[in-house]
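One structure below.
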Amino acid sequence: MAFPENPETRDAWLTAYLLGEASTERQLTVEAWLQESKENQQHFDALEAAWLVSGSLPQAPVNAEAAWEKVSKKIHTPQPTETKVVRLRPAYWGMGIAATLALLIVGVLWWKDSQGTDWQEVKSLQATKNIRLPDGSEVILKPGASLRYLASFEGESMRKTELQGSAFFEVVKSQGQGFEVATTQGKVQVLGTKFLVESAENKSTRCTVTEGRVALIQEEKRLEIAAGEAAVFGEATPEKIAPESLEADQFFWKDRSLNFEGKPLQKVVETLMRNYNASIQLQDAAAANCLVTAKFKGEDLELVLQVIALSLQLEVEKQGNTFVLKGVCP
Amino acid sequence: MPETSVRTSSWQTHTGFEALFRAHYAELCAYAQRFLPDLDQAEDVVQRTFVKFWEKREELQLQGSARPYLFRAVRNTALNQKRDSSNLTSEESLATVMGSESTESPLDESELSNQISEAIQEMPTVRRQVFLLSREEGKKYREIAEELDISVKTVENHMGKALNFMRKKLKEFLFLVFTFLLF
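Listed in order, the protein sequences are those of chains A and B. Under the numbering used here, the first sequence has 28 at position 28, and the numbering climbs by one with no breaks. Under the numbering used here, the second sequence has 466 at position 136, and the numbering climbs by one with no breaks.
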């Protein structure tokens with residue numbers, strides 16, 4: 001394939017090459033031509049310069065912050081980084097970790113009237129669904145939930161989303177851009193953080209914060225809560241709620257998280273049966289009042305029961321399809 | 331108008347380099363996607379380009395803005411990746427860099443901006459439409475062809491003419507420097 005003689009065709013090829021529109025064959029021909037002389041190279045350079053100078057390309061929906069972290073690591077000697085993420089340690093009896101509060105919001109299904117055309121909607125059916133938002137934020141939808149969000153957050157001072165049902169949010173910090181989850185009863189606004197929003201029929205919408213801070217906004221009223229706290233949208237105003245009122249299995253759907261704080265074994269067993277769809281029995285009725293404080297994440301039932309048994313000095317045995325806890329606690 | 335670019339000396343420092351990265355990352359990824367549509371791959375290419383750029387920062391002799399250099403480096407890296415052939419890599423190792431006239435005074439910036447607007451206005455209707463769809467909306471030739479109901483070849487020709495026209499119009503504002511770089 002020969003490089004065209006005609007200057008106009010030549011420019012068409014060079015421009016196509018510049019813009020990624022040239023076939024591999026043409027690319028090679030162009031490159032060979034560029035190698036031939038300085039004048040050729042200069043002409044191309046001038047075209048490229050003119051293009052670069054005449055405007056800005058649209059921006060790809062990327063997370064520059066995360067990308068910078070990666071690049072920064074590669075170009076510098078490793079330095080101790082402060083971990084922002086609080087990892088849940090393996091389940092040991094007696095480890096209490098700051099509880100996360102959740103807000104349950106009672107809401108009727110609705111769709112807010114939004115201006116603007118480019119909204120995406122994602123629904124989860126039987127399984128949880130993960131969504132990656134245009135800014136890199138991650139959302140995990142509980143089964144039966146749906147999320148609407150702007151297809152592009154570019155140029156928005158507030159990254160807006162609308163939620164029905166429950167979802168866990170991991171929001172990345174974006175300079176000059178807030179992040180908002182709207183539900184029927186009110187809005188949750190954050191900067192960069194991890195939190196859970198639960199909205200369901202016949203319940204108060206609830207927000208639990210795992211990391212960072214959020215603001216709950218209802219009508220004109222505003223309440224800020226931080227990691228380890230939770231609040232609901234009340235009658236007329238957001239209200240903080242006590243961590244003790246949060247369910248042990250609040251986050252189970254997301255990552256099999258369980259958080260028992262001084263819970264009677266009877267209740268613990270009920271929670272486990274419900275979430276793991278299993279059959280568990282206490283051989284001795286006296287054991288029902290033993291108190292359990294333990295945290296689990298992503299574990300199988302066998303392990304959970306083993307840990308609980310060990311901590312209470314009980315024994316666990318499988319009889320057929322049923323787990324049996326034997327003994328009494330000291 | 332492109333954002334004000336970081337002056338040569340400052341991106342040699344970590345802070346300056348970070349600023350450079352943040353200023354151009356999203357745009358470079360969009361450009362890389364023209365060659366590698368998969369965003370993950372595009373991002374990877376851009377990140378590798380920046381890392382290499384940092385490693386070679388002392389060897390590089392750039393005048394003015396680093397942006398044109400970055401675009402070219404991203405393109406070369408992307409093309410090399412696509413081809414997966416080491417022969418071509420060595421051919422591609424000579425890269426010429428050019429920069430726009432680095433100017434501090436706002437007068438020059440707006441003058442350039444005026445020239446650009448004028449140039450765009452001067453173009454015949456269809457050519458202007460094609461150019462804007464490509465430049466401002468980042469559309470591919472095929473999309474432009476469909477939207478304007480013309481052939482891809484026509485789009486190609488229009489773009490070639492448009493760029494050549496811009497080149498002539500903006501001549502005084504383009505400062506060309508040649509440097510051999512190993513990349």
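Don't be surprised by glycine CBs; every beta carbon is placed ideally from N, CA and C.
- A/Pro243 carries a helical assignment under DSSP once its states are collapsed to helix, strand and coil.
- Here DSSP, grouped into helix, strand and coil, assigns A/Gln42 to helix.
- Along the length of the segment 176 to 260 of chain A, whole alpha helix (DSSP H) runs at least 4 residues long occupy 252 to 255, reported in chain order.
- At a cut-off of 8 Å between beta carbons, B/Gly468 contacts chain A.
- Counting C-beta atoms within 10 angstroms of its own C-beta, A/Ser174 has 16 or more neighbours from the protein chains shown and is therefore classed as buried.
- Listed along chain B are Ala360, Glu467, Gly468, each with a C-beta nearer than 7 Å to that of A/Pro58.
- Taking every protein chain shown into account, the CB of A/Ser157 has fewer than 16 other CB atoms within 10 angstroms, so this residue is exposed.
- In chain order, Glu315, Val316, Leu325 place their CB closer than 7 Å to the CB of A/Ala309, counting only its own chain and leaving out the 5 sequence neighbours on each side.
- Linking B/Leu500 to B/Val404 through their CA atoms gives a straight-line distance of about 24 Å.
- Contacts with chain B at 8 Å (Cβ-Cβ) do not include A/Trp33.
- Counting the other Cβ atoms within 10 Å of the Cβ of A/Thr24 gives fewer than 16, which makes it exposed.
- B/Thr379 counts as buried, since at least 16 other C-beta atoms from the protein chains shown sit within 10 angstroms of its C-beta.
- Contact of B/Ile446 with chain A is assigned, a C-beta pair being separated by under 8 Å.
- Contact annotation for A/Val172 against chain B: no contact, minimum CB-CB distance about 14 Å [criterion: below 7 Å].
- Considering only beta carbons, the part of the segment 486 to 502 of chain B lying closer than 9 Å to chain A consists of Glu486, Asn487, His488, Met489, Gly490, Lys491, Ala492, Leu493, Asn494, Phe495, Met496, Arg497, Lys498, Lys499, Leu500, Lys501, in chain order.
- Here DSSP, grouped into helix, strand and coil, assigns A/Lys73 to helix.
- Proximity of A/Ala50 to chain B, defined by a Cβ-Cβ separation below 8 Å, is satisfied.
- By the rule that beta-carbons nearer than 8 Å mark a contact, B/Val381 touches chain A.
- The Cβ of B/Ala372 sits closer than 8 Å to at least one Cβ of chain A.
- If you check the CB distance, A/Val172 and A/Glu270 do not come in under 8 Å.
- Secondary structure of B/Lys469 (DSSP, three-state): coil.
- Pairwise C-beta distances place the segment 216 to 234 of chain A in contact with the segment 178 to 194 of chain A, as three or more of them are shorter than 8 Å.
- Listed along chain A are Gln27, each with a C-beta nearer than 8 Å to that of B/Leu409.
- In the three-state scheme derived from DSSP, where H, G and I count as helix and E and B as strand, A/Leu291 is classed as strand.
- The three-state reading of DSSP puts A/Phe153 in coil, since its state is none of H, G, I, E or B.
- Under the Cβ distance rule, B/Arg457 does not count among the residues neighbouring chain A, no pair being separated by less than 8 Å.
- With respect to the C-alpha of A/Gly212, the residue from A/Leu19, A/Lys221, A/Phe169, A/Leu246 having the closest C-alpha is A/Phe169.
- A/Ala145 sits away from A/Glu162, with the two beta carbons spaced by 8 Å or more.
- From the beta-carbon of A/Ser54, the residues of chain B found nearer than 7 Å are Ile446, Arg465, Met496.
- With respect to chain A, the C-beta atom of B/Gln363 has a partner C-beta closer than 8 Å.
- Nearest Cα to A/Gly165 within the set A/Ser204, A/Val304, A/Lys73, A/Pro134: A/Ser204.
- Distance check between A/Asn275 and each of A/Ala285, A/Ser245, A/Phe251, A/Phe153 places A/Phe251 closest, using alpha-carbon atoms only.
- Looking at the DSSP output, A/Phe169 sits in a beta bridge with A/Val139, A/Phe195.
- The Cβ of A/Ile75 sits closer than 8 Å to at least one Cβ of chain B.
- Cβ neighbours of B/Val375 within its own chain (closer than 7 Å, five residues either side excluded): Ala362, Leu366, Val404, Thr407, Ala408, Gln411.
- Chain-order list of chain A residues neighbouring B/Tyr399: empty, with the shortest C-beta distance near 10 Å, by a criterion of under 7 Å.
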